[in-house]
Amino acid sequence: MAYYRQVGEVPPKRHTQHRTPEGGLYYEELMGEEGFSSDSSLLYHRHIPSAIVDAVPWQVPDTATEANHPLRPRHFTLHDLFPGEEWKRHDVVTGRRLVLGNADVRLSYVVAGEVSPLYRNAVGDECLYVESGEARVETVFGALEAAQGDYVILPRATTHRWVPKGGEPLRVYCIEANSHITPPKRYLSRFGQLLEHSPYCERDLHGPAEPLLAEGEDVDVLVKHRGPGGPSAIAGTRYTYPWHPFDVVGWDGCLYPYTFNIADFEPITGRVHQPPPAHQVFEGHNFVVCNFVPRKVDYHPLSIPVPYYHSNVDSDEVMFYCGGDYEARKGSGIGQGSVSLHPGGHSHGPQPGAYERSIGAEFFDELAVMVDTFQPLQLGEGGRAAEDERYAWTWAGRGPR
Numbered sequence: 001m002a003y004y005r006q007v008g009e010v011p012p013k014r015h016t017q018h019r020t021p022e023g024g025l026y027y028e029e030l031m032g033e034e035g036f037s038s039d040s041s042l043l044y045h046r047h048i049p050s051a052i053v054d055a056v057p058w059q060v061p062d063t064a065t066e067a068n069h070p071l072r073p074r075h076f077t078l079h080d081l082f083p084g085e086e087w088k089r090h091d092v093v094t095g096r097r098l099v100l101g102n103a104d105v106r107l108s109y110v111v112a113g114e115v116s117p118l119y120r121n122a123v124g125d126e127c128l129y130v131e132s133g134e135a136r137v138e139t140v141f142g143a144l145e146a147a148q149g150d151y152v153i154l155p156r157a158t159t160h161r162w163v164p165k166g167g168e169p170l171r172v173y174c175i176e177a178n179s180h181i182t183p184p185k186r187y188l189s190r191f192g193q194l195l196e197h198s199p200y201c202e203r204d205l206h207g208p209a210e211p212l213l214a215e216g217e218d219v220d221v222l223v224k225h226r227g228p229g230g231p232s233a234i235a236g237t238r239y240t241y242p243w244h245p246f247d248v249v250g251w252d253g254c255l256y257p258y259t260f261n262i263a264d265f266e267p268i269t270g271r272v273h274q275p276p277p278a279h280q281v282f283e284g285h286n287f288v289v290c291n292f293v294p295r296k297v298d299y300h301p302l303s304i305p306v307p308y309y310h311s312n313v314d315s316d317e318v319m320f321y322c323g324g325d326y327e328a329r330k331g332s333g334i335g336q337g338s339v340s341l342h343p344g345g346h347s348h349g350p351q352p353g354a355y356e357r358s359i360g361a362e363f364f365d366e367l368a369v370m371v372d373t374f375q376p377l378q379l380g381e382g383g384r385a386a387e388d389e390r391y392a393w394t395w396a397g398r399g400p401r
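Mapping the sequence shown onto UniProt numbering, position 332 (from 1) lands on 332, and the numbers just tick up by one.
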């Protein structure tokens, strides 16, 4: 995100001496993208950031997938993945269950009550949507407060941990990229400012406000990284640091974690139904993220407010239903906490009766997060465990012969 911020103490000129009160040197670290050629920040550590005293394998949560074959639209009831009070023993990092994934993006879900280990994803950026609950996200850049409706954007290799608050289940929908996640290019000026037609602006992005310093020795950090077996293979390593990695006294730059609340997204509407790009909020390599928020709907006198039937020629479409009333999906079994997969090659749209019922509607009270991918998605362990096998036949009203 090319939006400059400064937090804590930094020297007046980069790559120059920054001394401690005792006269020693702070250790400067450049955290940058695309080989020094894109967004970056400079962090000033009390200790050498590359110092480790141990490195051992860490078994990441199950990332195995299987093909969506035979090709079918699918429905997953994610709240069934964490029944009862099981959430109390899970954390946001190690408790994730993979629903769908491909070589570009992985979609997981977790309900957590435990503090997570220190963690960083060295594969790609993470975009995590808080369905419900509250948490403090502690990072090497400082802390973020996250609550219902917040996206939490964590750049690749940001060391952090999740600390649930309030004693309630923390429900998080996790979008993990194999790339960076940014605002859509069409919302940005050539210098990186969010433009007037963008549905949000820099005032809506909330980064850390002050440094977060912690003490400790022999501190473990879980690192998810690329592994043997091809570009999409994932492995894990547990590093042990001689000092706590939260030792940054100041930083500045254009690369840092931030939150953005879905309620600050200003919907784009029109006289007739607007296509999904009007709802886009973020993008990564070979996928986009869209919001469907409460909004006034189409106002042409002959409009049909629910979506027209459409074929995903190039995309798999995934909708996470996280609030409100889903007019187009009534009668399908979809509700709060559902995920639908409508794969490329399958024509889909409103459930029977929704097309006609929507005529005359002026407002939709719905909340959903959509991910469109440009490569086919495969089913993960969590998706297989939470599938509603009846969904594919709901448009016809009967199942296979």
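We put the CB at the ideal spot given by N, CA and C, even for glycine. The model shown is predicted, which means the values in this text are computed figures rather than measured ones.
query: Go to Arg5, then tell me how far its beta strand (DSSP E) extends in each direction, as first and last residue.; result: Arg5 to Gly8
query: At a cut of 8 Å, does the stretch 274 to 288 reach the stretch 87 to 97 through at least three beta carbon pairs?; result: no
query: Put residue 402 into one of helix, strand or coil per three-state DSSP.; result: The displayed coordinates of the chain run from 1 to 401. Any statement about residue 402 would go beyond what the structure contains.
query: Which whole runs of the beta strand (DSSP E) in the stretch 189 to 255 are 3 residues long or more, in chain order?; result: 217 to 226, 234 to 243 and 248 to 253
query: Helix, strand or coil: how does DSSP classify Lys88 here?; result: helix
query: Roughly how many angstroms lie between the CA atoms of Phe82 and Arg398, to the nearest whole one?; result: 30 Å
query: Taking Tyr355 as part of the alpha helix (DSSP H), name the residues at either end of that continuous run.; result: Ala354 to Arg357
query: Work out the CA separation of Asp62 and Asp91 for me, nearest whole Å.; result: 15 Å
query: Using 10 angstroms around the beta-carbon of Tyr309, count the other beta-carbons present and answer buried if the total reaches 16, otherwise exposed.; result: exposed
query: Let me confirm a value: Leu302 is counted as buried when at least 16 other C-beta atoms fall within 10 Å, else exposed. Which label applies?; result: exposed
query: Compare the C-alpha of Gly113 against each of Glu145, Val163, Gly23 and Pro350 and name the closest.; result: Val163
query: From what residue to what residue does the alpha helix (DSSP H) around Gly383 run?; result: Glu381 to Ala385
query: Figure out for me which residue from Lys88, Phe36 and Pro21 has the closest Cα to the Cα of Gly253.; result: Phe36
query: Find out if the Cβ-Cβ distance for the pair Thr259, Ala146 is shorter than 9 Å.; result: yes
query: Counting Cβ pairs closer than 8 Å, one from the stretch 60 to 80 and one from the stretch 373 to 387, do we hit at least three?; result: yes
query: From what residue to what residue does the beta strand (DSSP E) around Arg136 run?; result: Glu134 to Thr139
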